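>
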Amino acid sequence: MKKLLNFTWVLVFAFTLILTSCSDKSDAPLPSAQNRFDVLKTYLISHNMDLSDVLTDWITTAEDVYTIMTDVDPSNDYFIIDIRKEADYAAGHIEWAVHSTLGNILVTAQEAADHPIIVVCYSGQGAGHGVVALRLSEYTDAKVMKWGMSSWNSATAGPWKTHTGDAAIGNENWIVPPGSIQGNTPHNSPEVKYITTNGSEILKEQIEILLSGGFAGISGVDVLANPANYFINNFWEIADIELYGNIKDAYRIKPLTLSTGEYAYLDPNAKVVTYCWTGQTSSIVTAYLKVIGYDSYSLTYGTNSMIYSNLESHKWSDSQIMEYPLAQ
Numbered sequence: 405m406k407k408l409l410n411f412t413w414v415l416v417f418a419f420t421l422i423l424t425s426c427s428d429k430s431d432a433p434l435p436s437a438q439n440r441f442d443v444l445k446t447y448l449i450s451h452n453m454d455l456s457d458v459l460t461d462w463i464t465t466a467e468d469v470y471t472i473m474t475d476v477d478p479s480n481d482y483f484i485i486d487i488r489k490e491a492d493y494a495a496g497h498i499e500w501a502v503h504s505t506l507g508n509i510l511v512t513a514q515e516a517a518d519h520p521i522i523v524v525c526y527s528g529q530g531a532g533h534g535v536v537a538l539r540l541s542e543y544t545d546a547k548v549m550k551w552g553m554s555s556w557n558s559a560t561a562g563p564w565k566t567h568t569g570d571a572a573i574g575n576e577n578w579i580v581p582p583g584s585i586q587g588n589t590p591h592n593s594p595e596v597k598y599i600t601t602n603g604s605e606i607l608k609e610q611i612e613i614l615l616s617g618g619f620a621g622i623s624g625v626d627v628l629a630n631p632a633n634y635f636i637n638n639f640w641e642i643a644d645i646e647l648y649g650n651i652k653d654a655y656r657i658k659p660l661t662l663s664t665g666e667y668a669y670l671d672p673n674a675k676v677v678t679y680c681w682t683g684q685t686s687s688i689v690t691a692y693l694k695v696i697g698y699d700s701y702s703l704t705y706g707t708n709s710m711i712y713s714n715l716e717s718h719k720w721s722d723s724q725i726m727e728y729p730l731a732q
């Protein structure tokens, strides 16, 4: 009887330990997501993926693409990814291009082998988002085809032929030359919240956010209607602002890097709109800013859509159309 009682007490004690152990595990607080911006920043800088790196040799021309693809050496060929709508691709595309989407571009890129990647869109703007995703995913020689399919053939030139304009000329929210730029003041860093402290994992997730969100563009008409709704960055040289003016209340943050800290002049609580000449460079900047945590937008077609008649250079014209053949 005594042995039976002792055995019973052992079972009770063991059961109590199990319950206590389970209770301790279930009551233990789960780790919470923290702002890992500094982790991401350090990772990007240390792996030569600062914005200045991404903006190095990031664009080429339709003429270059055609020349490379028609020479006698197949070893230097590009792998061309067309991210236009499937129906538009089917109606007419570059002979050597494969179709994909912005959201699926990293999957398609796996087929490139060792060939450098060219991303093609309608105007050269949407492709910038894809190139940022590629360059931050080890496809460091990926490039945008300048002007997009608008430069390949007149049949596909509609996007650029219909989007130049003078919306800012005479507009009260365009400051005439020599312009007037806001002074830069520092802000807090954007929030990039994760549990993990692995920079590679964080970057991968941020790239997925970029690609799943699609092209982040906003028209010059909308920005001019109420500049106060946005944090506007004129991504120009000072001399260009003095020559053409700028959108009211705009800042000028250029250079813009992580390593030297200019990113801190951007407001992480605002809709950050970047504008340039054509919307192609600003697409690259916008995509990069989105990866590092900003609510960022590219002003579509740049100043070509706002002061086209005043521009002396950096402007679209029909001379950009190469009339290369289209495949169907």
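Convert by adding 404 to the 1-based position in the sequence shown; the result is the number in this note's numbering.
Glycine included, every Cβ here is placed at the ideal spot set by N, Cα and C.
The structure displayed is predicted, hence computed values, not measured ones.
1) Terminal residues of the continuous beta strand (DSSP E) containing D722?
2) In the DSSP assignment, find the unbroken beta strand (DSSP E) run with I521 in it and report its ends.
3) Name, in chain order, the residues that DSSP records as bridge partners for T678.
4) To which residues of the same chain is A743 closer than 6 Å at the C-beta, ignoring the five residues directly before and after it?
5) Expressed to the nearest angstrom, what Euclidean distance is found between the alpha-carbon atoms of Q684 and A494?
6) Can you list, in chain order, the residues of its chain with a C-beta nearer than 8 Å to that of S427? Leave out the 5 residues immediately preceding and following it.
7) Compare the Cα-Cα distances from V373 to each of I606, A531, S709 and report the closest residue.
8) For V523, is the classification buried or exposed, using 16 other Cβ atoms within 10 angstroms of its Cβ as the cut-off for buried?
9) Measure the C-alpha to C-alpha separation of M549 and H519 and round it to an integer number of angstroms.
10) Under 8 Å, do L455 and T661 count as touching if we go by C-beta distance?
11) Would you check if the distance between the CB atom of I636 and the CB atom of A654 is smaller than 8 Å?
12) Tell me which same chain residues have a C-beta within less than 6 Å of the C-beta of Q724, skipping the five on either side of it?
13) Can you list, in chain order, the residues of its chain with a C-beta nearer than 7 Å to that of Y692? Leave out the 5 residues immediately preceding and following it.
14) When we look at the beta-carbon of D644 and count the other beta-carbons within 10 Å, is it buried (16 or more) or exposed?
15) Over what stretch of residues does the beta strand (DSSP E) that includes I484 continue unbroken?
16) Which class does K550 belong to by DSSP, given the choice of helix, strand or coil?
17) Using CA coordinates, which residue listed in Y470, G569, S541, H591 is at the minimum distance from G706?
18) Following the continuous beta strand (DSSP E) through V502, name the residue where it begins and the one where it ends.
In brief:
1) Residue mapping note: residue 722 aligns to position 318 of the sequence shown, counting from 1. From DSSP, D722 is part of no beta strand (DSSP E); its letter is neither H nor E.
2) Taking the first residue of the sequence shown as position 1, residue 521 is located at position 117. Counting along the chain, the beta strand (DSSP E) containing I521 begins and ends at 521-524.
3) Translated into positions along the sequence shown, residue 678 becomes position 274. T678 is bridged to N637, S702.
4) Not covered by the structure: residue 743. The range shown for the chain is 405 to 732.
5) Position 280 of the sequence shown, counted from the start, is the residue given in the question as residue 684. Position 90 of the sequence shown, counted from the start, is the residue given in the question as residue 494. Our two residues, Q684 and A494, have alpha carbons roughly 24 Å apart in a direct line.
6) As a working mapping, residue 427 is identified with position 23 in the sequence shown. Its pLDDT being 45, under 50, S427 is placed unreliably by the model, and nothing is read from it.
7) Since the first residue shown for the chain is 405 and the last is 732, residue 373 is missing from the structure and cannot be characterised.
8) Walking along the sequence shown from the start, residue 523 turns up at place 119. Of the other Cβ atoms in all chains shown, 16 or more fall within 10 Å of the Cβ of V523; this residue is therefore buried.
9) Residue 549 sits at position 145 when you count from the first residue of the sequence shown. Residue 519 sits at position 115 when you count from the first residue of the sequence shown. Rounded to the nearest angstrom, the two C-alpha atoms are 15 Å apart.
10) If you number the sequence shown from 1, residue 455 lands on position 51. If you number the sequence shown from 1, residue 661 lands on position 257. The Cβ atoms of L455 and T661 sit closer than 8 Å to each other.
11) The residue labelled residue 636 in the question sits at position 232 within the sequence shown. The residue labelled residue 654 in the question sits at position 250 within the sequence shown. The criterion of a C-beta distance shorter than 8 Å is satisfied by I636 and A654.
12) Numbered from its first residue, the sequence shown carries residue 724 at position 320. Cβ neighbours of Q724 within its own chain (closer than 6 Å, five residues either side excluded): W551, S555.
13) By one-based count along the sequence shown, residue 692 stands at place 288. Leaving aside the five residues that flank Y692 on each side, the residues in its chain whose CB is nearer than 7 Å to its CB run, in chain order, L455, V458, V536.
14) As a working note, residue 644 is residue 240 in the sequence shown. Under a 10 Å Cβ-count criterion, D644 is classified as buried, with 16 or more other Cβ atoms of the shown protein chains found around its own Cβ.
15) As a first step, residue 484 is located in the sequence shown; it is residue number 80 there, counting from the start. 483-486 is the span of the beta strand (DSSP E), which, as asked, contains I484.
16) Counting from 1 along the sequence shown, the entry for residue 550 is found at position 146. Reduced to three states, the DSSP call for K550 is coil.
17) Here residue 706 is taken as the residue at index 302 of the sequence shown, counted from 1. The shortest C-alpha separation from G706 is found at G569.
18) Walking along the sequence shown from the start, residue 502 turns up at place 98. For V502, the enclosing beta strand (DSSP E) starts and ends at 501-503.
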